[in-house]
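Going down the list, the protein sequences come from chains A, B and C.
Each residue of the first sequence is one higher than the one before, counting from 1 in the working numbering.
Each residue of the second sequence is one higher than the one before, counting from 155 in the working numbering.
Each residue of the third sequence is one higher than the one before, counting from 483 in the working numbering.
Where a beta carbon is used, it is the ideal one built from N, C-alpha and C, also for glycine.
Quantities reported herein were computed from a predicted structural model and do not represent experimental measurements.
Heads up, the thing below is written out as structure tokens.
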Amino acid sequence: MAQHNDVVNNLYKSKEQFENSIWDQGWDEVIPGAAVYSFDGEIQAPVVTTLPEDRNVAETNSMNKYVGDWRVVKPVWNVDLCIDCQNCWVYCPDSSIISRDKEMVGIDYNHCKGCGICSDVCPTNPKSLVMFNEQITNEDALNQWPEKKKKGEK
Amino acid sequence: MSCSLLGGCGPQGNREIKNLKTYSTAAERFEGAHVLCPGCAHSIIVREILNATNDNLVVGASTGCLEVCTAIYPHTSWDCSWIHIGFENGSTAIAGAEAANKALRRKGRISADTPEPKFVAFGGDGSTYDIGFQWISGCCDRGHNMMYVCLDNEVYANTGGQASGSTPIGASATTAPAGSDSYGMKQNKKDMLSIMASNGASYVAQVAPNKWKDMVKKIQKGFNTDGFVYINAMSACTTEWKFPMHQTIEVSDLATDSLVFPLYEIINGRELNITYRPKNIVPVRDYLGAQPRFKHLFKPEYEYLLEEWQKRVDAQWVYLQKREEARV
Amino acid sequence: MAQNKKIMELNEVEVWDGNYANASALRQAGVDVISAYPITPSTGTVEGYASFHANGYIDGEVVIVESEHAAMSGCVGAAAAGARVATATASQGLALMIEVLYQASGMRMPIVLCLVNRALAAPLNVNGDHSDLYLTSQSGWISLDACNPQEAYDLTLCAFKIAEHKDVRLPVISNQDGFMTSHTAQNVRPLSDEVAGKFVGDYLEVNSLLNFDHPVTHGVQTESDWHMEHKAKQNDAMMKSASVIEEVFAEFEQISGRKYNMIETYKTQDADVIIVALGTTYESAHIAADNMREQGIKAGVMMPRVFRPTQIEKIANALKDAKAVVCMDRSAPGGQLGQLFQDISSALINTPARPIMSNVIYGLGGRDMTVIELEDIYKKAAKDVENGKLSGSIQEWVGVRGPELKYYNVEGN
């Protein structure tokens with residue numbers, strides 16, 4: 001199974017990792033027509049056969065944007081309960097549920113906005129994704145996991 | 155123009171999607187950290203569509219939530235070719251690119267070895283039903299090989315929720331708000347699917363993000379269809395329909411199961427197929443009740459409107475079934 | 483090589499009206515996509531082109547769309563996909579597509595627009611005047627003006643070369659007077675298909691939507707933290723395009739023997755009184771100027787061949803010794819002094835030159851401007867020079883029935 005950190009860490013690059021950052025550019029350096037590039041130079045292989053973490057993304061690819069600070073609550077993933085159904089993957093609006101080789105790898109907290117849809121659509125009982133307060137650590141969250149719900153219980 | 159310098163053109167055509175697990179092996183072309191609202195259905199729909207195909211894509215968008223939130227300088231969330239010009243002309247922008255593709259191939263400036271890309275234009279209901287209506291009709295008339303997807307959240311969401319031609323009766327929108335003297339929108343929602351089918355679209359279909367399998371089937375069918383394809387995608391908007399952001403799929407389920415958003419397709423303007431028949435049809439008032447934009451309709455004096463709503467949805471369902479049977 | 487496969491053999495001298503001249507230039511330029519909508523008096527350009535297409539002379543696509551706004555939108559989409567594109571329109575059509583003009587120049591799409599100048603409603607009028615030309619003044623398009631079908635043909639060809647140049651990448655308007663040029667057949671000496679095709683050359687593709695090796699996002703939104711940088715870059719390209727325009731004109735002279743200048747002048751070197759006008763009036767004024775010279779008045783004529791970007795230095799240079807300059811504007815001014823008057827006076831204000839300057843509003847809705855009337859304008863200006871000051875008002879409407887129309891008095895007159 002792909003390691004969570006290997007995948008997620010390559011899904012976000014900060015300004016310092018780019019030469020001639022656009023944030024330093026004056027009017028004379030911007031691309032005509034305000035055209036924005038997805039990748040740094042020509043792509044090395046077709047996009048559809050290259051996983052996002054392996055693409056040579058440009059600084060201007062939104063992958064490098066951090067929106068984790070939008071969250072008030074965050075999803076925590078319980079790998080032991082997860083059945084890899086991929087519901088959370090398909091319904092995440094923010095491409096933040098990382099799935100590789102038909103298995104859940106984890107959550108991209110740089111891009112997750114904490115909407116809670118993933119938890120809503122999780123079919124296991126108890127759920128494998130539960131929303132917790134942003135301040136709690138994932139470790140503590142896993143130790144406070146809700147109990148299995150009885151039939152009829154909401 | 156080659157597909158790529160080193161890797162050739164890669165796999166082309168629709169992805170083989172047997173189940174959700176095979177679906178999930180897609181290498182996403184719609185990146186996160188766009189600035190759409192948490193819980194926005196637009197991005198769920200876009201992901202579902204882009205992940206259904208391996209083809210090279212030329213994507214366009216009209217001014218609206220999707221465009222503004224995914225292409226705000228200096229960032230882009232699109233790992234594919236993308237163009238926005240203005241509010242009315244998202245469809246025509248893509249049609250122009252499609253014409254260019256034809257011309258450049260004919261002239262040999264694009265080699266015949268390069269696989270044909272797919273041309274997809276996205277627009278909100280404001281752009282589609284109202285201000286861009288003529289442009290879409292024109293593209294359809296001319297039969298460009300392209301797909302137009304309306305992301306239908308039934309208001310001008312990007313600017314705060316003003317009424318559009320898609321806003322249904324009784325919805326409270328900021329320019330048709332509910333108040334002591336008004337129950338909100340007075341006009342009925344335009345039937346874009348009928349209109350586009352009559353306009354001559356080769357294939358029209360209504361989809362919803364909660365029914366991903368139905369969506370994938372239709373999108374892939376659309377990609378395999380020559381000519382102009384119109385897709386109406388129901389897009390539950392947490393911000394403007396005012397339900398909690400984690401309920402997007404729940405509300406979408408109510409929409410499809412109450413038949414307010416029936417899922418069907420029309421092939422060549424004549425063959426109508428209903429593609430989803432709910433096991434248990436949910437009362438329309440349950441769908442309306444889940445969204446605060448309709449909450450004023452639950453006042454006793456507006457009970458008649460709820461009854462009219464149910465009648466209207468029932469009548470439409472009967473119509474769809476009859477038309478499906480009659481094959482007209 | 484821009485050429486279409488099927489060549490058309492042309493005579494050394496053809497008799498073409500302005501619209502046919504446009505259509506021929508578009509054909510020879512090997513346009514990839516024409517996205518167009520008909521409107522009088524530009525329809526002939528589109529019809530001529532469609533006829534070429536129907537007879538196998540065009541390898542590109544002809545997309546007849548459902549409105550002018552769609553026409554320009556289709557052009558932008560096709561240009562973004564790496565195609566050479568063009569369209570034609572006038573007046574109401576230009577007004578309808580005006581937002582897309584701004585979008586096209588902001589997105590740096592090299593599109594050629596054959597604008598057949600016609601009056602803007604209301605009242606509705608299909609005849610020639612410059613109100614649509616003026617509407618494009620601040621749209622960020624390079625704008626060239628032709629006086630006759632030969633010039634329309636030449637400038638439309640040049641327009642592609644200017645627009646697509648790597649240092650320019652801006653859309654270009656090729657203007658001509660509605661009816662007076664577009665529907666008047668005159669002698670045109672066309673280039674051969676081969677020479678014209680070679681001149682326009684291959685299309686230079688930049689950031690194409692169809693280049694899947696390098697996906698690009700076109701037409702982003704900018705906030706207040708970035709908008710000004712992008713507009714600065716665009717404007718700078720527009721200002722610097724002047725040197726490219728001169729290069730293209732020079733190259734064109736080599737192959738045709740016809741020389742175009744940033745501003746055109748006729749007998750201005752020793753002129754005391756100079757008329758500045760666009761379009762066919764420039765040519766008519768030649769005759770009036772010669773007649774004046776026979777009567778001892780040193781008259782001259784000037785025209786901005788390149789209307790945008792405004793050539794302030796060249797204008798000032800041409801007019802520096804003039805004693806009176808009459809700027810003639812063929813457009814209803816809408817409560818101000820005419821556009822040419824504004825362009826010319828702004829060119830002179832930071833120089834020592836202080837000719838007596840006046841503004842004539844004329845020819846609206848296709849009303850004729852005759853040689854006799856032009857002579858009267860010269861005579862009046864010469865009188866002012868004699869008196870040492872402007873008599874009457876700055877702006878006068880000429881050729882309209884009814885009481886005199888004069889606006890903006892000069893203090894002390």
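Using a Cβ cut-off of 8 Å (strictly closer), state whether residue i contacts chain B.
i                      : result
residue 1 of chain A   : Note that residue 1 of chain A has pLDDT 47, beneath the 50 cutoff, so the model's placement of it is unreliable and no number is given.
residue 113 of chain A : yes
residue 61 of chain A  : yes
residue 80 of chain A  : no
residue 65 of chain A  : yes
residue 49 of chain A  : yes
Classify residue i as buried or exposed, calling it buried when 16 or more other Cβ atoms lie within 10 Å of its own Cβ.
i                      : result
residue 148 of chain A : exposed
residue 57 of chain A  : buried
residue 407 of chain B : buried
residue 357 of chain B : buried
residue 785 of chain C : buried
residue 854 of chain C : exposed
residue 266 of chain B : exposed
residue 458 of chain B : exposed
residue 139 of chain A : exposed
residue 243 of chain B : buried
residue 646 of chain C : buried
residue 893 of chain C : exposed
residue 859 of chain C : buried
residue 552 of chain C : buried
residue 888 of chain C : exposed
residue 715 of chain C : buried
With H, G and I counted as helix, E and B as strand and the rest as coil, what does DSSP make of residue i?
i                      : result
residue 460 of chain B : helix
residue 820 of chain C : coil
residue 227 of chain B : coil
residue 236 of chain B : strand
residue 499 of chain C : coil
residue 249 of chain B : helix
residue 190 of chain B : coil
residue 840 of chain C : strand
residue 662 of chain C : coil
residue 244 of chain B : helix
residue 809 of chain C : strand
residue 269 of chain B : coil
residue 341 of chain B : coil
residue 384 of chain B : strand
residue 96 of chain A  : coil
residue 178 of chain B : coil
I'd like to know whether the C-beta of residue i is nearer than 8 Å to at least one C-beta of chain A.
i                      : result
residue 484 of chain B : Here chain B has residues from 155 to 482 only, and residue 484 of chain B is not among them.
residue 758 of chain C : no
residue 163 of chain B : yes
residue 622 of chain C : no
Which chain C residues sit within Cβ distance under 9 Å of residue i?
i                     : result
residue 43 of chain A : 694, 695, 696, 697
Since residue i meets chain A, which of its residues come closer than 9 Å, beta carbon to beta carbon?
i                      : result
residue 651 of chain C : 32, 33
residue 700 of chain C : 33, 34, 35, 36
residue 302 of chain B : Simply none; closest approach about 22 Å.
Give the interface partners of residue i over in chain B, defined as CB-CB distance under 8 Å, in chain order.
i                      : result
residue 109 of chain A : Those within 8 Å of residue 109 of chain A in chain B number zero; the least Cβ separation is about 11 Å.
Please report the Cβ distance between residue i and residue j, rounded to the nearest whole angstrom; I am assuming they are in contact, meaning their Cβ atoms lie under 8 Å.
i                      : j                      : result
residue 865 of chain C : residue 875 of chain C : Their Cβ separation, rounded to whole angstroms, is 15 Å, which puts residue 865 of chain C and residue 875 of chain C out of contact at 8 Å.
residue 711 of chain C : residue 36 of chain A  : Contact flag wrong, Cβ pair sits at about 13 Å.
residue 780 of chain C : residue 754 of chain C : 5 Å
residue 651 of chain C : residue 592 of chain C : 6 Å
Can you list the residues of chain B that residue i reaches, using a CB-CB cut of under 9 Å?
i                      : result
residue 152 of chain A : None at all; the shortest Cβ gap to chain B is about 17 Å.
Whose Cβ in chain C lies nearer than 7 Å to the Cβ of residue i?
i                      : result
residue 277 of chain B : The contacting residues do not exist; residue 277 of chain B stays about 13 Å from chain C at best.
residue 296 of chain B : 545
residue 227 of chain B : 702, 703, 704, 708
Find the residues of chain A that neighbour residue i, judging by a C-beta separation of less than 7 Å, and give them in chain order.
i                      : result
residue 184 of chain B : 95
Can you pull the chain C neighbours of residue i, defined as C-beta to C-beta under 8 Å?
i                     : result
residue 39 of chain A : 696, 697
residue 27 of chain A : 710, 711, 712, 714, 715, 718
Is there a C-beta anywhere in chain C that falls below 8 Å from the one on residue i?
i                      : result
residue 288 of chain B : yes
residue 482 of chain B : no
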